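Per my numbering, numbering of the sequence shown is gapless, rising by one per residue and ending at 1022. From the three backbone atoms N, C-alpha and C, an ideal C-beta is built for every residue, glycine too. Please read all numbers here as calculations on a predicted model, not as lab measurements.
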Amino acid sequence: MVTENTVVTESTGCDGPRLVGRQRERLLLERALRNARSGSGGSAIVLRGDAGIGKTALLDWTAARAAEAGFTVLRAVGAEAEVATAFGVLGQVLRPLPGDSRALPEHQRAALESALGIREGLLPGGFTVGAAALGLLAEAARHRPLLILVDDLHCVDSSSRAVFAFLRHRICDLPLVMVFTTRPDGSALEGWSTHPVDVDALSGDDAATLLRQWHPGLAGTTVARVVDEAAGNPLALAELPGQLGREHRRGTVPLPERLPLGQRLEQLFAQRLESLSAETTRVLLAAALGGDGSAGQGGTWWRAAGGDRAEQVLDRIEASGLARLDHAGRLAFRHPLVRSAVIASASETERRAAHRALAEDLPEGDVRRLLHEASAAEAPGEPLAARLQEAGSRLALRGGDAEGALLLDRAAAHSTDPDSRARRLTLAAVMSARGGRLPYTARLVDELKRGPVPADIAPLFAYAVVYVDQSHHVDFDSSFTLLPQALAGLADSGGEPFGDLVEQAFFKLLLATAYTGDPRGRRALEAHLGQVSPAARLCHRAWADPPRTAHGVESELRAMSERMASGQEAGHSWLLLWTACAVDGADSGLWRLFAGQHGFATQGSVAKAKCYRHFLRGRWDTAEDCLREADAAEELGYHCNALLFRHYHAHFLAGRGDEAGLRESRARIEPAAKRAGMRFVTDHLSHLGALAALAHGRYEEAYGRLRRLMAPGELPLGLPWFHLPFFDFVLAAVRCGKQAEAVAHVAAARAARIDEISEHHAFLLAAADALTVGSEEDDVEEADARYAAAYAVPGADRWVFELARLRLAHGSRLRRRGRRDEAEEVLRTAYHSFLELRADPWAEQCREELRAAGRSVDGGPAGREPLTPQELRIARLVATGLTNKEIGAALRLSPRTVAGHLYKVFPKLGITSRAAVARALADA
């Protein structure tokens, strides 16, 4: 029998199942296995393709190759019937690992066992489950490399998908490969900044080869027609010949005008169902509606469904080719279209009866039992609705917000009065928003707007509306009309009926105010400071009017973060992250706070913070991650996040002086930002235009742009991240000969004590102060002292781009004073930094200064010492992105030896990091 999606011709021993075609996919998968086995690192791959295209066949092939290579293979399948079961597919993956959870810390072990249903209790947070899963896999990988295969990702529950996304970013150092399959119309894996591998149709030659191997008796004309009709889909190649008469297969009679393809394949399976007995279709229907959960009694459920003739029923099912019993006692359908055909062919009465039987087969308290009971119900009922609500709330507490929202939505459908229905839909909307299903949240909010909302749920409804408006519609007006009322209502209630809603509402209002500068937001925030936490008040200080209110924020934030444990409520964690972003203090130590109950909903916020941090810290090789995150956010309906990711990408473009790219980016994001009144974006786009002009030496233009943002000697209200254009304003003013304006600006910053806000503010003030030193000969010692003071600011080396620009200015000054040797040293350091950042216009400014100092750019008249042949080979491999382990494997060297060669290569090329190797080789 040809199994689901199989494109297998024969077994070939150690090579595993043999595929027809798929050379590209096989090379990719084989390389991933080889890297994991050799210790070069783990990886994750998503295979995307249409139904029947052969994705599962690729998983089968990979599983066989891995098993022969000594891997432990863990496999799971997503099922639409179980999409509301939090961590259900994660359980399929992890349960076979024998006893390794004993090596985990107790809190992680408890969290993981609760998620998998092994022990009772609430999970402390979604991130904790991810960390525990990572620890469990790492322990197992100490003994053998691991392969995780997950089929039908689009049918995997949101909690499991979120854990897989968490793992994907953290397995690079483990001998672990993860391979997933999904449909083109399936939801993207949340939090994954990666592009799936598209599994395309087979070529005509491969399709013909496969068809002849499966159906060797076909006439040549029939082969050609079937290959043409199947359009490279292996399932169609397998099924179509079986629907033809003998004379058609032999070619003695012309083929019919239409062959059963596409959706007609489902009809083909439905026709096959008509020949089966009622007992047989009843078992198939139970399996189709129950998913993997229909194995509620291990491998015996089908015996109960089939009655006294269960064995004969199973024989008929397997003989029909529609499904088969696997090793775990699950009835595995030949293809998802078979499942669809089974359900579509049943009457409503038959489906309800099947749901009742499935419910009875599951224990009390099992969420799946509740869902089957809901599907079996013939009319709404408050007891069932209340049980669904309770179960959904429990799931949300365990980190399964998206699944909890589905249960609350079902509870609303079974509610018997409008107020109860509205309350449950509102809770579902907030849960789905936290669970990362924003379009679903928007649909629920639109539905709620069509009727009255009970007063007791109004604050939560307001929050849901604002969440959708901000994140989905990029509209902040409702933030200033609804959130102040919600905060006032929560204050009047004298309690907190919705967890940390006060914190989250305050955060959303603060966010809207920071983005737009709307004075309504400022007034409302001031009015409600008394009812929020110290973390919220600290965040308000960081953003309200930074030059005058943010003093000491970074040090207070650090102390507060160190006192806090992971697992905080979502609002608390968001406030701390947003505070850190205000003072450029987001670092790896802060990410641990996002192990909260709604941690997975915060991944967009964490990713935005990392993009900005990478710009500030010189990790410019990650610039394209911003665009990948933007695409993922757009696909998931987070349009505001998508806009902001592109805004952060524009920072890299401006820093590199890529004016064409900056214009293109601006044209894409500025119209939406203007419509939303997002001064946070539009003002900084003006600043970025000035930064690009500085890169190309157009100082008057840069000064003019910056002058529209801030006047000399003034640090304006309503300009978040004012310190970035502040430094550029001083630089542009000095280069334009506007020394008085530059000095006034530095004096205003010093009077405002901005160096007490954060280490970055302190560095920028010291750097700007150094730029403004006079040009008289008497100022030599003063200039040296000021530049030395700027370099000595704690953490100065973290701000790679700005430090390089300071060194460029310093080297230029030293060169003009005739101190050429000192100038050369400073300029070369700046030059290498700009090369690593790929900031070519700035690097060219360094070259011009070096030439003016009488120095050649490459370090002297004799040029650089040439690379040895071995060093050149290693450098070329580094330029392709290979790790030291991979290079060592390719050249039969140890990673330590490779590192030793690179220690010599870097100074010869005049660079300091791997990221600059490719460009240095191109320039050599």
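In this structure alanine 790 touches leucine 760 by the C-beta definition: roughly 6 Å separates them, less than 8 Å.
With fewer than 16 other CB atoms across the displayed protein chains lying within 10 angstroms of its CB, glycine 343 is exposed.
9 Å or more divides the Cβ of arginine 173 from the Cβ of threonine 279.
Less than 9 Å separates the beta-carbon of leucine 674 from that of alanine 633. Rounded to the nearest whole angstrom, the C-alpha separation of glycine 735 and serine 992 is 47 Å. Inter-residue distance for valine 295 and isoleucine 143 is about 7 Å (C-alpha atoms, whole angstroms).
Note on geometry: alpha-carbon atoms of leucine 274 and leucine 387 lie some 33 Å from one another.
Burial of leucine 525 is indicated by the presence of at least 16 other C-beta atoms within 10 angstroms of its C-beta.
Counting of Cβ neighbours within 10 angstroms places threonine 647 among the exposed residues, the total staying below 16.
Here alanine 509 is near alanine 484, since their CB atoms are less than 9 Å apart. The beta carbon of valine 600 sits closer than 7 Å to those of Leu585, Leu588, Glu594, Gln629 and Val630, all from its chain and outside the five residues before and after it, given in chain order. By the neighbour-count definition (other C-beta atoms within 10 Å, threshold 16), leucine 623 is a buried residue.
Following the DSSP letters along the chain, one finds serine 141 inside the beta strand (DSSP E) bounded by residues 141-146. Secondary-structure assignment with DSSP links isoleucine 246 through a beta bridge to Leu172 and Met276.
Nearest neighbour of alanine 553 by Cα position, chosen from Val572, Arg207 and Arg521, turns out to be Arg521.
Aspartate 424 and glutamate 337 have their C-alpha atoms some 22 Å from each other.
C-alpha of leucine 234 to C-alpha of leucine 869: approximately 54 Å in a straight line. Out of Leu505, Asp515 and Ala149, the CA that lies nearest to the CA of glutamate 480 is found in Asp515. Comparing alpha carbon positions, the residue from Gly186, Val181, Glu128 and Glu180 closest to arginine 163 is Glu128. Excluding five sequence positions before and after proline 194, the CB atoms of its chain that fall closer than 7 Å to its own CB belong to Leu172, given in chain order. CA-CA distance, threonine 927 to proline 1005, rounds to 12 Å. The continuous stretches of alpha helix (DSSP H) do not include phenylalanine 431, which lies in the beta strand (DSSP E) extending over residues 429-431. Considering only Phe861, Leu333 and Pro939, the residue with the shortest C-alpha distance to arginine 796 is Pro939.
Valine 227 places its beta carbon less than 9 Å from that of serine 257.
In the DSSP assignment, arginine 422 forms a beta bridge with Ala430.
Where leucine 308 is concerned, the enclosing alpha helix (DSSP H) starts and stops at 302-312. In the DSSP assignment, the residues bridged to aspartate 296 are Arg146.
Look at the region 878-942 and you find these whole runs of alpha helix (DSSP H), each 4 residues long or longer: 878-889, 898-914 and 918-935. Secondary structure note for leucine 542: its alpha helix (DSSP H) is the uninterrupted segment 536-547. With a cutoff of 9 Å on beta-carbon distance, phenylalanine 185 and valine 261 are scored as near each other. The closest CA to that of valine 563, considering only Val543, Asn739 and Ala556, is found on Val543.
In this structure, arginine 949 sits away from arginine 715, with a CB-CB distance that is not shorter than 9 Å. Here leucine 214 has Phe185, Leu188, Gly189, Leu192 and Arg193 as same chain residues with Cβ atoms under 8 Å from its own Cβ, once five neighbours each way along the sequence are excluded. When secondary structure is reduced to three states using DSSP, glutamate 476 falls in the coil class, being assigned neither helix nor strand.
Of the candidates Ala439, Ile415 and Ser438, the residue whose Cα lies closest to the Cα of arginine 428 is Ile415.
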